Every structure is written in C-alpha cells, then in structure tokens.
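Q: Counting with the numbering used here, you get residues 1 to 167 for the letters of the sequence shown.
We put the beta carbon where it would ideally sit given N, CA and C, even for glycine.
Predicted model only: the values in this text are computed from it and were never measured.
After the structure tokens below, expect a handful of questions from me.
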Amino acid sequence: MNPESSGIKTWQWVVTAIVIIVLIIIGIMVFGNKSSTTPTTDQTPTTTTDQTGAINRIVMSDQYPGNVVYLSSVQLAAPGYVAIHKDNNGQPGAIIGYTRFDAGINTGKVTLTQPTVEGGTYYAMLHNDDGDGVFDATKDAPLKDSRGNVIMQIFHASASVGAGMKG
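Pasting the structure below:
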C-alpha cells in the first residue's frame, strides 16, 4: 500500500468531517430554537399568518434618537396602525406616536409626540383599525400572532446606529 495515497485519503476524511460538523452547527444556529417568543432588536420580523394566509409583520432596526421612527417594512392583512410605545418596566407603556398603514407591504415612518432618548427601549406594535380610520388605543386592539402574542418589535434609541437613521 502506498503511504502517500493513504495520507491523502485521511486528509480528505478529516476535511469532510470538519465540513459536516460546521454545517451541523450552522443548521442548529439557523433552524434551532424557533420556539422562542422573545422579541429581538435585529431586522428579524415578527410575523403571523391569519386564516386567509395573509401575513402581519413589522421589520425595523434600532433608531437614532429623535422625533421620527423609520420602519423598513410593515405588512398588514387589513388596514391598521403601527404605534410606538415607551418602555414601562420591560413592557409596552404609553403610546408616543402612531401611523396608519394600508393593507399590503408598506415602508414608512412614525412621527412622535415626544422624542426617543439615547439608550431608551421602545416598542413598535401593530394595531388593527376598527374601521373608522381614527386611531383609538381602546378600540384599535394590538394584533396578535397564532400563539396569542402581540406582534411587535422592540428597538432601542442609540446614536451609534449611524447618520442614515436620524429621526
């Protein structure tokens, strides 16, 4: 038996095993632990599908402190609102701004009644429209996913997000 051909085969097996291990780790990171319902601050959208197959979701990132919140994508099965809530001990609190969006996929912004502040935590939450076209937090309830969780995206106000996100 030729020692050089044995060495090449061993090397090929080692590389193949490493590639398989790396693919398994990537698969676990990407597809694993999908049961978590903790909102994130990255661009990962919070999504739900209603009985008609229509999707409700919001996609955004952290924002520059200021009077405007920019939304990368708002997808609604029916007309509704995005309301920006202040943080109240780790839960959505007072509403400091809202904007109405048509059904479908939209981009947009929410102008706030009071500015976001550096280091602050905020919640962009989807609300339905009860049909009158006027936002009323007591009538236009938050939209929920199939598990009963409110569809929202947590974000932070930070001067480090870059000049392109000034609000």
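Looking at the structure shown, is THR38 part of a helix, part of a strand, or coil, going by DSSP?
A: Note that THR38 scores 41 on pLDDT, short of 50, meaning its location in the model is unreliable; the coordinates nonetheless yield the value given after this. Residue state, collapsed to three classes: coil.
Q: Alpha carbons only, please: which of THR16, ILE25 and TYR98 is nearest the one belonging to ASN67?
A: The shortest Cα separation from ASN67 among THR16, ILE25 and TYR98 belongs to TYR98.
Q: In three-state DSSP terms, what is THR113?
A: Note: THR113 maps to coil in three-state DSSP.
Q: Since GLU118 and PRO65 are thought to touch, with beta carbons under 8 Å apart, how far apart are those beta carbons, to the nearest angstrom?
A: With 8 Å as the limit, GLU118 and PRO65 qualify as a contact, their Cβ atoms being about 5 Å apart.
Q: Can you name, in chain order, every residue of its own chain whose Cβ lies under 7 Å from the Cβ of GLN63, other than the five neighbours on each side?
A: So the qualifying residues of the chain are VAL69, TYR70, THR116, PHE155, ALA157, VAL161, MET165 and GLY167.
Q: Any idea if ASN88 is buried or exposed, counting beta-carbon neighbours within 10 angstroms, 16 or more meaning buried?
A: Answer is exposed; the Cβ neighbour count stays below 16.
Q: With which residues is GLY104 paired in a DSSP beta bridge?
A: LEU76, per the DSSP bridge assignment.
Q: Using the Cβ count rule (16 or more neighbours within 10 Å means buried), how would you classify ASN56?
A: Buried, because 16 or more other Cβ atoms sit within 10 Å of the Cβ of ASN56.
Q: With distances taken Cα to Cα, identify the nearest neighbour of TYR122 among TRP13, THR10 and PRO92.
A: The candidate whose alpha carbon is nearest that of TYR122 is PRO92.
Q: According to DSSP, simplified to helix, strand and coil, what is GLY97?
A: GLY97: strand per DSSP, three-state reduction.
Q: Whose C-beta lies closer than 6 Å to the C-beta of PRO142 among residues of the same chain, with five residues either side of it excluded?
A: Excluding positions up to five away in sequence, the list reads MET125, HIS127 and VAL150.
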